[in-house]
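Below is one structure, written out as structure tokens; comments come after it.
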Amino acid sequence: MHIIVAPDSFKGSLTAKEVATAMATGIKRVFSTAKIDKIPIADGGEGTVDALITATKGKLHETMVQNPLGEPVKATWGILGNGSDTAIIEMAAASGLLLIPEKERNIRSASTYGTGQLIKAALDQGSRRIIIGIGGSATNDGGAGMASALGVRFFDADNNLLPSGGAALAKLDHIDMQQLDNRLIHTEILIASDVNNPLCGEKGASAVYGPQKGATPEIVKELDTALFHYNEIAKRDVGINANSLSGSGAAGGLGAGLMLFASGKMRNGIELILDTLQFADLIQNADFIITGEGHTDFQTAHGKAPVGIAQVAKKYQIPVICLSGALGNGAEQVLQQGISAITSAPHCPMTLENCMQNAKKLLEDATERTCRLLQVGMQLNK
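In my numbering, the protein residues as written are -10 to 371.
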């Protein structure tokens, strides 16, 4: 028997690698002779670097960069294995919301400069293909900070460089790209995201995601106006209407910045990750796949990791079981997306804190229960 274990992380408790190991332990209690391939997965958010480096036996790097408020932080990124020159970056490692204590967050001045520093570090290592996962941002600067780190200069009407942050873009007068790192011309930038919001407007970066980062209604309006002005100047000086591009509002407009200044191409996160791993080639001889995530609900059906896996597996008629930390409203919708069955790890009512503290054992035991049910089905089928 050949079983693929391909989970996402259980955020706050287990990495995707740890989840895969726990699932494999549970499987072995029932199918002791089974061949188990562990393929930790991510969809462009937290854990993407770890998942791809683990799966490809790549190399991790650490670079000192600026966090969203300009303070030093050590960010981890990687280069894929197997002789690849592809770098993998999580913008959250440099410009993420969780890097800043809640009381210190300031979306008006938060910058993506550190993400640009990570891109530069990858270029310095010779990477000419860079995958950037852009989930979990603290920023709303349209990617201007990222571009600044790569040589783009943003000036006000008095020819002074603008300060950091999205609010300052309201005073943008012109953009100078003469010092933009010319290595970007020969580099493929792939943006891993499942967000298709525009840069501005009622569905834009400021309105939809600003409140999650601490923006009041007044600040949302200020930032949206600033991004609208930024886009108008960019249309004139760069020649691209970023607001018309799907996903330009992702990560506070980092999607727009990457498309404007680095010719970035937006890709569905899980599809990009699975293509990079050549996932289809890895599963063709599998009898079934177990996937999972921390919380499965209606959102999972719209392009998250378990459904992305199921859609590949469906082509080869391989059953997929989704075993998650919890099942929420609309979880059953994933059954229409190629997943064969869903279940959760807790075996009785318990607090979230208890679940997270005991995630490893709960997952091992739940995987064992799932496999015993599979074993009964196999016996009945005989």
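Ideal placement from N, C-alpha and C gives every residue a C-beta, glycine not left out.
Apart from the 5 residues on each side of it in sequence, Ala157 sits with its Cβ closer than 6 Å to the Cβ of Leu151 in its chain, given in chain order.
Contact between the stretch 133 to 147 and the stretch 193 to 201 is absent, with fewer than three C-beta pairs closer than 8 Å. Taking C-beta atoms as the reference points, Ala31 and Leu88 fail to come closer than 8 Å. If you compare the alpha carbons of Gly190, Gly314, Gly154 with that of Tyr102, the shortest gap goes to Gly154. The three-state secondary structure of Arg118, taken from DSSP, is strand. Leaving aside the five residues that flank Ala146 on each side, the residues in its chain whose CB is nearer than 6 Å to its CB run, in chain order, Asp162. Taking the Cα positions, Asp226 is about 53 Å away from Ile(-8). When the Cα atoms are used, Ile25 and Leu216 turn out to be separated by approximately 49 Å. Under the three-state reduction of DSSP, Arg18 is assigned to coil, being neither helix nor strand.
In this structure, the straight-line span from the alpha carbon of Ala(-5) to that of His291 is close to 18 Å.
Counting along the chain, the unbroken beta strand (DSSP E) around Lys48 starts and ends at 48 to 55. For the 8 Å CB-CB criterion, Ala330 and Ile310 form a contact. Beyond the five residues adjoining it in sequence on each side, Gly319 comes within less than 6 Å, by CB distance, of Asp286, Phe287 in the same chain, given in chain order. Comparing alpha carbon positions, the residue from Leu369, Arg358, Val365, Gly366 closest to Ala13 is Arg358. In terms of CA proximity to Pro295, Gly281 leads the group Asp354, Pro308, Gln306, Gly281. Excluding five sequence positions before and after Ile16, the CB atoms of its chain that fall closer than 8 Å to its own CB belong to Ile(-8), Val(-6), Ala23, Ile25, Ile279, Thr356, Glu357, Cys360, given in chain order.
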